[in-house]
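S.K.: Counting in this note's numbering, the sequence shown runs from 559 upward without gaps.
By construction, the Cβ of each residue, glycine as well, lies at the ideal position given by its N, Cα and C atoms.
What follows is a single structure, and I will ask about it in a moment.
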Amino acid sequence: MENNTLDFIRISQLLSKQQLSEIDLLLSKAEYIDGKQTASMAAREVKNNLQVNLQQQNILQPLQYILLQAFNQSELFQQTVLPKNIYAPLFSAYEPGMHYGWHVDSPVMGYPPVRTDVAMTIFLEHPEAYEGGELEIQGPAGTALFKLAKGDAICYPCQYVHQVREVTKGKRKVAVTWIQSMVKESGQRILLSQLKKIYSSLYANDPKSSEANELLQTHSNLLRMWADI
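Quick look at the structure:
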C-alpha cells in the first residue's frame with residue numbers, strides 16, 4: 559500500500575535478508591517499554607506504542623549499527639536525502655489496539671542537536687502479518703498511506719502531519735529515525751535528485767556526452783550553492 563509523490567522516497571529492500579535475520583534475532587531479546595517516554599509534550603498525548611528500552615544498549619547499538627550500514631550502502635538514500643546528521647534510530651512495536659495519533663515531529667532532536675528535515679520509517683515486519691498500522695501522511699497531494707514490505711523504507715519531509723493507524727491484529731514492527739540533510743529545503747533536494755537521475759541516464763547512453771558533463775556541472779554547482787555543511 560503506497561501513494562508516491564516526489565516528496566516521498568521509497569527505498570525498496572533497504573535491508574538484506576541477512577540484515578533482517580540479524581534484526582529479528584536482536585529484537586527477540588529486546589525489552590520493550592512505553593513509547594511515550596521518547597515523545598515530545600504534544601506527541602505524548604497521542605502516542606500509544608512500545609519501544610526498545612534505550613538503556614538496553616547491548617541490543618540497541620548493534621540494531622542501530624545495522625541500519626547505519628544500510629543507509630551508507632544505499633545509493634538512493636544518499637542521493638535523495640543527502641544526509642548530514644542522522645538521529646540514532648528507535649525501534650518500535652504496535653500490538654492490537656495501539657496507534658500513534660496525528661502529530662508533527664519535533665523540529666530539533668537530541669544532543670548534539672539534529673535538525674529534523676527528513677523522517678524515515680523502516681518496516682521490520684511483513685505487511686500480511688498484521689492488520690491496520692498504516693503510516694498516514696497529509697502531504698501536498700492529499701493523504702498518502704504506506705504499509706511496505708519487510709525491509710523497505712519510506713522517507714518524507716518532517717513538516718507533514720502524520721499518524722500510524724491503529725493495529726487491529728498481529729504486531730507492527732518498525733524502526734524510525736530523522737535526518738538533517740545537507741540541503742534543508744525539500745524542493746531543492748527534489749531538483750538535485752531529478753538532475754542526478756537525468757545525468758545518470760545520459761551517462762549510461764554515452765559516457766563522453768557533453769550534455770551529461772554539463773548537467774553534472776549544473777548539479778554540482780547547485781549542491782555547492784545550497785549545501786549546509
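From the DSSP output, in three-state form, read off GLU683 for me.
M.R.: Three-state DSSP puts GLU683 in coil, outside helix and strand.
S.K.: Taking the CB atoms as reference points, tell me whether GLU683 and LYS727 lie closer together than 9 Å.
M.R.: No.
S.K.: Assuming GLN721 contacts HIS661 (C-beta within less than 8 Å), just tell me the rounded distance between them.
M.R.: 7 Å
S.K.: Assuming ILE695 contacts TYR718 under a Cβ cut-off of 8 Å, what Cβ separation, rounded to an integer in Å, is found between them?
M.R.: Right, the Cβ-Cβ distance comes to about 5 Å (below 8 Å), so this counts as a contact.
S.K.: In the segment 705-761, which residue ranges form an unbroken beta strand (DSSP E) of at least 3 residues, counting only runs that do not cross its ends?
M.R.: Complete beta strand (DSSP E) runs here, min 3: 711-715, 720-722, 725-728, 730-739.
S.K.: For SER593, which residues from the same chain have a beta carbon less than 7 Å from its beta carbon, with the 5 sequence-adjacent residues on both sides left out?
M.R.: According to the sequence provided, residue 593 is Gly. The question's Ser does not apply to it. Excluding sequence neighbours, GLY593 sits near LYS605, ASN607, LEU608, GLN609, SER650.
S.K.: Could you tell me whether any Cβ in chain D is nearer than 9 Å to the Cβ of TYR652?
M.R.: In the structure shown, chain D does not exist; there is a single protein chain.
S.K.: Count the other C-beta atoms from every protein chain shown that fall within 10 angstroms of the C-beta of ILE569, then say buried if there are 16 or more, exposed otherwise.
M.R.: buried
S.K.: Assign ALA770 to one of three DSSP states: helix, strand, or coil.
M.R.: ALA770: helix per DSSP, three-state reduction.
S.K.: Pop quiz: PRO647 and THR735 are said to be a contact at Cβ under 8 Å. What is the actual Cβ separation, rounded to whole angstroms?
M.R.: Right, the Cβ-Cβ distance comes to about 4 Å (below 8 Å), so this counts as a contact.
S.K.: Looking at the structure shown, is ASN779 part of a helix, part of a strand, or coil, going by DSSP?
M.R.: helix
S.K.: Output yes or no for whether 9 Å exceeds the beta carbon distance between LEU572 and ALA711.
M.R.: yes
S.K.: Using alpha carbons as the reference points, say which of MET783, LEU760, THR679 lies closest to GLU772.
M.R.: LEU760
S.K.: Any chance the segment 696-715 sits against the segment 583-602, with 3 or more Cβ pairs inside 8 Å?
M.R.: No contact exists between the segment 696-715 and the segment 583-602.
S.K.: Going by DSSP in three states, SER574 sits in which element: helix, strand or coil?
M.R.: coil
S.K.: Ignore the nearest five residues each way along the sequence and tell me which others in MET559's own chain have a CB closer than 7 Å to its CB.
M.R.: Model confidence at MET559 stands at a pLDDT of 48, short of 50, so the residue's coordinates are unreliable and nothing is read from them.
S.K.: In terms of alpha-carbon separation, which member of TYR688, SER744, ILE756 lies closest to ARG723?
M.R.: TYR688
S.K.: DSSP state of GLY593, grouped into three classes?
M.R.: helix
S.K.: Would you decide whether LEU612 is buried or exposed? Buried here means 16 or more other CB atoms lie within 10 Å of its CB.
M.R.: exposed
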